[in-house]
Structures are given as C-alpha cells and as structure tokens.
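Novice: Just dropping this structure here.
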Amino acid sequence: SSHFCSSLARAASIGSHCFVRSSRLVVPAMAAVTRTAIVRAARSLAVVQATPLAARSSRLSAAPAPTVLAQVLTPVRKFASRVGWEEGEDVDLDSVAYGFMASQALFAGLELGIFDQIASAGAAGVDAATLRQKCGCDAPRMTTLLTALTSVKCLRRSPDGMYTLSPNTAQYMVTSSRHFYGDYLKFQIGRQFYHRMGALPEVMVSGKAPSYASWFSDPDVAQTYTQAQHNGSVATAKYLVKKKLQLGGISDMLDVGGGSGAFSYVFVGATPGLKSTVLELPEVCRTGEKIRAQQPDEVRERVNFVELDATSPKWPVSDEAFDVVLMSYISGSVPEPIIEGLYANALKALRPGGRLLVHDFMVNDSLDGPALGALWGLQHVTVNADGLGLCPQEIISRMGKVGFDTSKCESLEMIHGMTKLIVAHKS
Numbered sequence: 002s003s004h005f006c007s008s009l010a011r012a013a014s015i016g017s018h019c020f021v022r023s024s025r026l027v028v029p030a031m032a033a034v035t036r037t038a039i040v041r042a043a044r045s046l047a048v049v050q051a052t053p054l055a056a057r058s059s060r061l062s063a064a065p066a067p068t069v070l071a072q073v074l075t076p077v078r079k080f081a082s083r084v085g086w087e088e089g090e091d092v093d094l095d096s097v098a099y100g101f102m103a104s105q106a107l108f109a110g111l112e113l114g115i116f117d118q119i120a121s122a123g124a125a126g127v128d129a130a131t132l133r134q135k136c137g138c139d140a141p142r143m144t145t146l147l148t149a150l151t152s153v154k155c156l157r158r159s160p161d162g163m164y165t166l167s168p169n170t171a172q173y174m175v176t177s178s179r180h181f182y183g184d185y186l187k188f189q190i191g192r193q194f195y196h197r198m199g200a201l202p203e204v205m206v207s208g209k210a211p212s213y214a215s216w217f218s219d220p221d222v223a224q225t226y227t228q229a230q231h232n233g234s235v236a237t238a239k240y241l242v243k244k245k246l247q248l249g250g251i252s253d254m255l256d257v258g259g260g261s262g263a264f265s266y267v268f269v270g271a272t273p274g275l276k277s278t279v280l281e282l283p284e285v286c287r288t289g290e291k292i293r294a295q296q297p298d299e300v301r302e303r304v305n306f307v308e309l310d311a312t313s314p315k316w317p318v319s320d321e322a323f324d325v326v327l328m329s330y331i332s333g334s335v336p337e338p339i340i341e342g343l344y345a346n347a348l349k350a351l352r353p354g355g356r357l358l359v360h361d362f363m364v365n366d367s368l369d370g371p372a373l374g375a376l377w378g379l380q381h382v383t384v385n386a387d388g389l390g391l392c393p394q395e396i397i398s399r400m401g402k403v404g405f406d407t408s409k410c411e412s413l414e415m416i417h418g419m420t421k422l423i424v425a426h427k428s
C-alpha cells in the first residue's frame, strides 16, 4: 500500500500475513506447534481425577497401560495443511498467535536477497554455506532462517542440503519475475504496517492514531509507501480493465488519492485520448511525479498530479468535468464522517452518466469474512482510528445519501478474499 500485507499480499499481505490471493500466495500460514506430552498428560490426569473411582478402575483394567501412554504421547493437532483462514470449523489459535514469526521470516528472506540468490543458482539449487556468503550472514542463524522458510513452504530442501524455491516463491518473490511484488511486502508491509500493528491494543483503547496525512508528511515514509504500492496497484488496475470494467469512450478521469498514479497510467494506456488528474498529498505527489517520468511519452503527457488532501471539503476541480472518478484504498483510510463528503464531491465532479469507482479492502455484508479483508480493515485502525470497516452495504448506503442511484450500484470481487469494487452511476 497498500495491507500489510497478501497479502498480506493478500500476499501479501496481514496480521500474520499468511494468505492466499486467489492463485497467488501472499503469505503462508505458519504451522502450529503441537502440544507437549506434558500438557496432554496433564489433561488426561484431569479427566481421570474427575471420573468416579469405580469407573476409573474398570477402564484401567480394560486398557493396557502401554496403549494409554502411547495415546498421551501422540500429537493429534496438525495445522500444517491449513491453507486459508476460512478452512476448518474452529480457530487455529497457534497459527494465528505465531503467524507473525512466519511473516518476519518471509520479510527477512526478501531483505537478505535469499530468494534472488536461490533463483540465480538454477534448478540444481544452492547450499546453506553459499547462501551464508552471498547474503552477508555467515553464521548459524542463516540455517535457522532457511529452516523456517522451508517449514512454511517458501523453500524446498533436498536430502543433500540443496535449497530451491517453491513455485509461488519463484513466481512472486524473485525480482526478475514479471509477477514480482516482494518490494510491496518488503517495504510497505514489513517496514511500515507490520510495526504499526504493534500499536493496535493501545489504539483500540485510546482511539488515538496518526492519520495518513500526518504519516505521509514524512518524505521518507511517503516515498517508501508509494513506491512499494506501485507495482501491486498496476497489476490490480490491469486486471480491472481486462476483466471487470468496460471503460468505453471516456475522456477525463479523476484519480482521488491515486498514489503513484498506477491506476491512471493503466487506464490512460488502455483508452485513447483519456486524460487523468491525480489528487494526492504533497509528499506523495513528489514520488508519483518521479514514477510518471518513467512512463511512455503518450501516457506521461496525459497524467498530471494536483496536490490536495482528499479529505478537504473542496476539491480544486470543476463541476461535471469528469467521466470517471476513482477512489482506490481511500474510503477505508479516512475517518468515517468524511466518507459521505468524498462521495458528494465525486458526484459534483462527474458528468451526467459518469461513474464513481470505489475499490478497497472489504468484507461481506454478513460481517463474517473473508478474513484477509477483515484483517486489512483492522490494520487501517492503526493509522485511522476513526475509520469504518468497509462492506458493500456501508458504501452503497452512503452513495445513496449523497445522490447516487443505489439501484444501479454494482459490487464486484477484485483481489480474491481482500478487495471489492463498487460502481455507482450518476443519473
């Protein structure tokens, strides 16, 4: 971000950042540690103590002691096969509690360049000693990290000690891959959101958290966040244009809180004659303009940045001047009372027949999942304490209050299990 991680993504993503983004592994869940024989024996003793003496005697005589002991010592909980939060009927407490360790293992692998080094070694793989030298960590702790990454299936280890990448790691965590989004996980999730989540208990009680505007007033924070979010947003925008939305013959677009301008570059590149205005915070605009300079001439010349805190009551744009107003990851990033004002400003800026596109992390209207959408909503609390956990119904109802026709609103799945797109039409 742009959460989190999927990541969180997903992968990518969130909390423990062990999620599956459709076919993408945004972050794998860490296998839980089984209970020790001592704990299980204690539970067995508690059952025995609660059983009448006569019943105890008959049960003990009916079952040989070695068999009972074997049952006590055999671990029965196996969570390594769980691939999503929704699997199973009950919470996997250990995977939730210890998932942060797997997240940091993944982030450390990215920071040290482990995945790139293994990829460069080819199909034969590489041993731990070579990785210790090439990754700048010539100590036993490197093997500890490699073992952790292998245990959560980021890596594979052959019987002779050669490490190779899992298919998902090779596709998404290697910088030379066209599907790489490790920079998003490394910079935005690992270096920024991960640490913010540590403040969640305090924020829940105090209601005090930095706003995105104050957070992004730091040039380094703004640059790290915007650059990290860019690649993921480009991929999402391409998917939106190809699979979900017919842009048609539009000529003017307003990209509210557009970050690097990723959606604008994709939309403009796919639509002849389309021009886009990106409204963003000043420090974010600085990074966005650098990224714009890297775009093809025909795209760069049709995208411009205008400095603005989107929560401002008035936008520096003309009424009825745009065919599309896009808000990606904005509704969940502002205080709840401001959301209606955003949609009201969008309505004013749209020409008759124009569309408002709201893309964000959302849960279902039933408020019971999906988990990654819910966890990203929770992450936003740490930088937006007065925000709203989003679902289609909450967004559409606010669109209706400012004048959009709710009967024509559409709700579409975007990043599987994490984000949705709401499309509203101006009469």
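Heads up: the sequence shown begins at 2 in our numbering, then just goes up one per residue.
Heads up, the beta-carbon is just placed ideally off N, CA and C, and yes, glycines get one too.
For the alpha helix (DSSP H) containing Phe359, name the first residue and the last one.
Specialist: At residue 359 the sequence reads Val, which differs from the Phe that was named. Per DSSP, Val359 belongs to no alpha helix (DSSP H); it is in the beta strand (DSSP E), 351 to 362.
Novice: Along the chain, where does the alpha helix (DSSP H) that runs through Ala238 open and close?
Specialist: 220 to 240
Novice: Against chain C, with Cβ distances strictly below 8 Å, would Ile331 count as a contact?
Specialist: Given the protein chain composition of this structure (a single chain), no chain C is represented.
Novice: What are the boundary residues of the beta strand (DSSP E) that Asp298 is part of?
Specialist: That residue, Asp298, is in no beta strand (DSSP E); its alpha helix (DSSP H) goes 298 to 301.
Novice: In terms of residue numbering, what span does the alpha helix (DSSP H) encompassing Asn169 cover?
Specialist: Residues 168 to 173.
Novice: For Ile423, name the three-state secondary structure that DSSP assigns.
Specialist: strand
Novice: Compare the Cα-Cα distances from Glu411 to each of Val403, Met419, Ile397, Trp86 and report the closest residue.
Specialist: Ile397
Novice: Give a yes or no on whether the C-beta atoms belonging to Leu1 and Ala311 are separated by under 8 Å.
Specialist: Missing from the structure shown is residue 1; the chain here goes from 2 to 428 and no further.
Novice: Would Val242 pass as a contact of Ala263 if the rule is Cβ separation under 8 Å?
Specialist: no
Novice: From the DSSP output, in three-state form, read off Ser212 for me.
Specialist: coil
Novice: Looking at C-beta atoms only, is the number of pairs between the stretch 390 to 407 and the stretch 217 to 234 that lie closer than 8 Å three or more?
Specialist: Touching, no.
Novice: Grouping DSSP H, G and I as helix and E and B as strand, with all else coil, what is Tyr164?
Specialist: strand
Novice: From Phe194, Ala98, Val257, Pro202, pick the residue whose C-alpha is nearest to that of Ala345; which is it?
Specialist: Out of Phe194, Ala98, Val257, Pro202, Val257 has the C-alpha closest to the C-alpha of Ala345.
Novice: Is the distance from the Cβ of Val300 to the Cβ of Val269 below 8 Å?
Specialist: Cβ distance < 8 Å, so Val300 and Val269 count as in contact.
Novice: Is the Cβ-Cβ distance between Ile423 and Val318 less than 8 Å?
Specialist: no
Novice: Which same chain residues end up closer than 7 Å to Cys138 when comparing Cβ atoms and leaving out the 5 residues on each side of it in sequence?
Specialist: Leu113
Novice: Between Asp93 and Gly199, what straight-line distance do the alpha-carbon atoms span, to the nearest angstrom?
Specialist: 21 Å
Novice: In angstroms with no decimal places, state the Cα-to-Cα distance between Cys155 and Leu246.
Specialist: 34 Å
Novice: Looking at Phe306 and Met254, is the spacing between their C-beta atoms short of 8 Å?
Specialist: no
Novice: Comparing alpha-carbon positions, which option in Ala125, Ile331, Gly110, Thr383 lies nearest Leu146?
Specialist: Just measuring C-alpha positions, the residue of Ala125, Ile331, Gly110, Thr383 sitting nearest Leu146 is Gly110.
Novice: Going by Cα to Cα distance, which pick from Leu248, Lys315, Phe101, Val364 is closest to Gly333?
Specialist: For the options Leu248, Lys315, Phe101, Val364, the alpha carbon positioned closest to that of Gly333 is the one of Val364.
Novice: Per DSSP, what kind of secondary structure is Val204 in: helix, strand or coil?
Specialist: helix
Novice: Can Lys409 and Met415 be called in contact, C-beta distance under 8 Å?
Specialist: no
Novice: What would DSSP say about Val92, mapped onto helix, strand or coil?
Specialist: coil
Novice: For Met419, tell me which candidate among Ala375, Asp387, Gly260, Asn385 has the shortest Cα-Cα distance.
Specialist: Ala375
Novice: Can you tell me whether Ser428 is buried or exposed, with buried defined as 16 or more other CB within 10 angstroms of its CB?
Specialist: exposed
Novice: Can you check the stretch 256 to 343 for any alpha helix (DSSP H) of at least 4 residues that lies completely inside it and give the ranges in chain order?
Specialist: 263 to 271, 283 to 293, 298 to 301, all fully within the stretch 256 to 343.
Novice: For His381, count neighbouring Cβ atoms within 10 angstroms of its own Cβ and tell me buried if that reaches 16, exposed if not.
Specialist: buried
Novice: Alpha carbon to alpha carbon, what distance is there between Tyr182 and Arg25?
Specialist: Low confidence applies here, because Arg25 scores a pLDDT of 33, under 50, leaving its location unreliable and the question unanswered by this model.
Novice: Mapping DSSP to helix, strand and coil, what is Ser412?
Specialist: strand
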